[in-house]
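Scroll down for the structure; my scribbles are underneath it.
There are 2 protein chains.
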Amino acid sequence: MSTTTQNSEKTRPTDNLMDGTGLARRLVQQTTEAAADLLRRTGTAPCLATVLVGEDPASVTYVRMKQNRCAGAGIRSRHVALPASVSTAELVDAVAVLSADPDVHGILLQHPVGPHIDERAAFEAIAPEKDVDGVTMHSFAAMGFGLPGFVSCTPGGIMRLLDAYDVDLAGKHAVVVGRSAILGKPVGMLLLGQDATVTYCHSRTSDLPALVREADVVVAAVGRPRLIAGTDVKPGAVVVDAGYNPGNVGDVDFETARERASLITPVPGGVGPMTIAVLLEQTVTAATRQLGLPVGG
Amino acid sequence: MSTTTQNSEKTRPTDNLMDGTGLARRLVQQTTEAAADLLRRTGTAPCLATVLVGEDPASVTYVRMKQNRCAGAGIRSRHVALPASVSTAELVDAVAVLSADPDVHGILLQHPVGPHIDERAAFEAIAPEKDVDGVTMHSFAAMGFGLPGFVSCTPGGIMRLLDAYDVDLAGKHAVVVGRSAILGKPVGMLLLGQDATVTYCHSRTSDLPALVREADVVVAAVGRPRLIAGTDVKPGAVVVDAGYNPGNVGDVDFETARERASLITPVPGGVGPMTIAVLLEQTVTAATRQLGLPVGG
Chain S
1 MSTTTQNSEK TRPTDNLMDG TGLARRLVQQ TTEAAADLLR RTGTAPCLAT
51 VLVGEDPASV TYVRMKQNRC AGAGIRSRHV ALPASVSTAE LVDAVAVLSA
101 DPDVHGILLQ HPVGPHIDER AAFEAIAPEK DVDGVTMHSF AAMGFGLPGF
151 VSCTPGGIMR LLDAYDVDLA GKHAVVVGRS AILGKPVGML LLGQDATVTY
201 CHSRTSDLPA LVREADVVVA AVGRPRLIAG TDVKPGAVVV DAGYNPGNVG
251 DVDFETARER ASLITPVPGG VGPMTIAVLL EQTVTAATRQ LGLPVGG
Chain R
1 MSTTTQNSEK TRPTDNLMDG TGLARRLVQQ TTEAAADLLR RTGTAPCLAT
51 VLVGEDPASV TYVRMKQNRC AGAGIRSRHV ALPASVSTAE LVDAVAVLSA
101 DPDVHGILLQ HPVGPHIDER AAFEAIAPEK DVDGVTMHSF AAMGFGLPGF
151 VSCTPGGIMR LLDAYDVDLA GKHAVVVGRS AILGKPVGML LLGQDATVTY
201 CHSRTSDLPA LVREADVVVA AVGRPRLIAG TDVKPGAVVV DAGYNPGNVG
251 DVDFETARER ASLITPVPGG VGPMTIAVLL EQTVTAATRQ LGLPVGG
């Protein structure tokens, strides 16, 4: 490769950015149309139940934002607010009531729910067909086995982005940094389902930079600012940054990484907007199925 | 390292072998004692239900072997034989009956069950607390999330072997070759749960030898004779061969690999005996729990 080519690559300002904001907008628009169509055909608008434990300001803000986005897409919200002192049994009961309620099509339990609560038990009270946030064991196994089910929203958003930019994953080495139950682990399973060779890295990984240097696709999902040095990105690699840290900083050193990556998500405006878009889409899908209509029909 | 040392390493014939036969024998002995103890305390012997569809000779042999091993450990068997023509709904019903039967503590559905049957639906009819073969989505997710549950038997046997030989997995790079739902995928999750850095390789992986050369731990679980060249094993690596191919040949070129590995499983006598031992142990554990006694108490 000539110096000229390298320079021209280095100076292109935006043409290797994956535009999550734009893709999410289109997905939300399709979802809004699907919700309207469902209402027209069945007389019922999709309904997402949100469950909030306590009054943590960040959680309150997140839930309100999700409700507002639902409203914008023609999705009704049902809100269940529980005191911070709620017991696991009470929370499980509240979620189970929503699971059994035919007027509720999707359930989102805002987490974390507090250290005294068995969060897993609460998640498992969500009926799989209403698990539009993709947090249940059933949904995880479905992602692992390539079976029908709802995906965790951020992993689902990442896969949508890769697909929208025609990233062929088959045989590629995808390095996932992070192993959380709702992000790292499921996105690795989804990448594996697309025939990528998948490496899970985490806090105990002994030489993270060496593994990143091998990656054709890097998915950073750990929440540590600039953990991944841009100079470790292999030239031509695809970089997906699902980290979101104070000061709009991702898990990847963006400015350096973008000079080497063939495609890279900005922070913000990359993965973030896709998460809520997938939540809305899955809520309408859940409603469509529960109302007995074919999805996409 | 001196030539003398190398020679002495090369000529040691068996001291780097992981003795699955011996470890399995001890595990079965403990399980037999636990089953006898349970019978003494509750008047009930553990019971494993085996479900066989059709009369495939290999499947018939496997089921009979498992029943014999159960009998040897003081575990009762209940056998359900269904014709090859059974429908998915009929098979699901038969499994559901066993799931609801308090006299049955564990359920093993011999697979494959035939191409016309939805095997996943049949597996999912197994109650999680009776899934002693570790095949349900619930069990997979439990392995993925590090939650209580039954493990898939071969992955569980592999982890027992690694533990018995004091292999510290934290920070080690474990390369899993194969991604089946009952072997590759769950063993990767269990290794990740022990803080290994885990890479899943498979048929679409573009440069398997290069990844094997990096591995501190190799788990071969694909069923292709000598797919992994011994010369690709990193000196000092731990090699677990879960492959079992005609002619007692594993997935690893054993003779060459054993000269380089710090520990290696033979085929046969490595992983194989552990699988049935874990099945028996989990059956007694399931019975103990269902009879209301503390496990290991």
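Heads up: the sequence lines are chains S and R, in that order. If you read the first sequence in full-length UniProt numbering, its first letter stands for residue 1, the second for the next number, and so on. If you read the second sequence in full-length UniProt numbering, its first letter stands for residue 1, the second for the next number, and so on. Think of the CB as a built atom: it goes at the ideal place given N, C-alpha and C, for glycine as much as any other residue.
Distance check for Asp15 (chain R) and Thr5 (chain R), CA to CA, integer angstroms please. Low confidence applies here, because Thr5 (chain R) scores a pLDDT of 43, under 50, leaving its location unreliable and the question unanswered by this model.
When we look at the beta-carbon of Met65 (chain R) and count the other beta-carbons within 10 Å, is it buried (16 or more) or exposed? exposed
If contact means a Cβ-Cβ distance below 8 angstroms, which residues of the stretch 172-185 of chain S contact chain R? Lys172, His173, Arg179, Ala181 and Lys185
Give the residues from the stretch 78-103 of chain R that approach chain S closer than 7 angstroms (Cβ to any Cβ), ordered along the chain. none
By DSSP, does Ser8 (chain S) sit in helix, in strand, or in coil? Because the pLDDT of Ser8 (chain S) is 43, which lies under 50, any placement of that residue in the model is unreliable, and the question is left without a value.
Threshold first: 4 residues or longer. Then list the alpha helix (DSSP H) segments lying entirely within the stretch 158-227 of chain R, N to C. 184-193 and 208-214
By Cβ distance, which residues of its chain are closer than 7 angstroms to Gly270 (chain S), with the 5 residues on each side in sequence left out? Met18, Gly20 and Asp241
Looking at Gly74 (chain R) and Ala35 (chain R), is the spacing between their C-beta atoms short of 8 angstroms? yes
By DSSP's criteria, Thr50 (chain S) is part of a beta bridge. Which residues make up the other side? S:His79 and S:Leu108
Against chain S, which members of the stretch 138-165 of chain R pass a CB distance test of less than 8 angstroms? His138, Phe140, Ala141, Ala142, Gly144, Phe145 and Leu147
Taking the alpha helix (DSSP H) that Asp37 (chain R) falls in, what are its first and last residues? Gly20 to Thr42
Using a Cβ-Cβ cut-off of 7 angstroms (strictly less than) and excluding sequence neighbours within five positions of Glu281 (chain R), which residues of its own chain qualify? Leu27 and Thr31
How far does the alpha helix (DSSP H) with Val63 (chain R) in it extend, from its first residue to its last? Pro57 to Gly72
Using the C-alpha atoms, what's the distance from Pro209 (chain R) back to Asp118 (chain R)? 35 angstroms
Taking Val271 (chain R) as part of the alpha helix (DSSP H), name the residues at either end of that continuous run. The continuous alpha helix (DSSP H) containing Val271 (chain R) extends over residues Val271 to Gln290.
Out of S:Tyr62, S:Leu263 and S:Ala71, which one is the CA nearest neighbour of Asp163 (chain S)? S:Leu263
Do you know how far the Cα of Val176 (chain S) is from the Cα of Met1 (chain R)? Because the pLDDT of Met1 (chain R) is 37, which lies under 50, any placement of that residue in the model is unreliable, and the question is left without a value.
Going straight from the alpha carbon of Ala45 (chain R) to that of Ala277 (chain R), what length do you get? Distance between the alpha carbons of Ala45 (chain R) and Ala277 (chain R): 17 angstroms.
Does any C-beta atom of chain S lie closer than 8 angstroms to the C-beta of Arg224 (chain R)? no
Does the beta carbon of Val187 (chain S) come closer than 8 angstroms to any beta carbon on chain R? With respect to chain R, the C-beta atom of Val187 (chain S) has no partner C-beta closer than 8 angstroms.
Can you tell which of R:Val92, R:Arg25 and R:Glu129 has the C-alpha that lies nearest to the C-alpha of Ala287 (chain R)? Here the closest residue by C-alpha is R:Glu129.
Neighbour list for Asp195 (chain S) in chain R, Cβ cutoff strictly below 8 angstroms: When 8 angstroms is used as the limit between beta carbons, Asp195 (chain S) is near these residues of chain R: His202 and Arg204, in chain order.
Which partner residues does Ile264 (chain S) have in the DSSP bridge list? S:Leu17 and S:Val239
Pick out whichever of S:Thr42, S:Ile158 and S:Leu91 has its Cα sitting closest to the Cα of Gly54 (chain S). S:Leu91
Output the distance between the C-alpha atoms of Val218 (chain R) and Met159 (chain R), rounded to the nearest integer angstrom. Whole-angstrom Cα-Cα distance: 13 angstroms.
May I ask you to report which of helix, strand or coil DSSP gives residue 313 (chain R)? Because chain R here runs from 1 to 297, residue 313 (chain R) falls outside it and cannot be looked at.
Kindly indicate if chain S contains any beta-carbon less than 8 angstroms away from that of Arg120 (chain R). yes
Using a Cβ-Cβ cut-off of 7 angstroms (strictly less than) and excluding sequence neighbours within five positions of Ser206 (chain R), which residues of its own chain qualify? none
Delimiting residues of the alpha helix (DSSP H) encompassing Leu293 (chain R): Where Leu293 (chain R) is concerned, there is no enclosing alpha helix (DSSP H), given that its DSSP letter is neither H nor E.
Below 8 angstroms on the Cβ atoms is my contact criterion, and I expect Gln29 (chain S) with Thr50 (chain S) to pass it. Report the Cβ-Cβ distance as a whole number of Å. The pair is not a contact, with the Cβ atoms about 22 angstroms apart (cut-off 8 angstroms).
Where does Arg76 (chain R) land, buried or exposed, given buried means 16+ other C-beta within 10 angstroms? Buried is the call here.
Going by CA-CA distance only, name the one from R:Thr231, R:Phe254 and R:Asp216 that's closest to Val267 (chain R). R:Phe254
How would you write the range of the alpha helix (DSSP H) that Asp118 (chain S) sits in, first residue to last? It is not in any alpha helix (DSSP H) - Asp118 (chain S) carries neither H nor E in the DSSP assignment.
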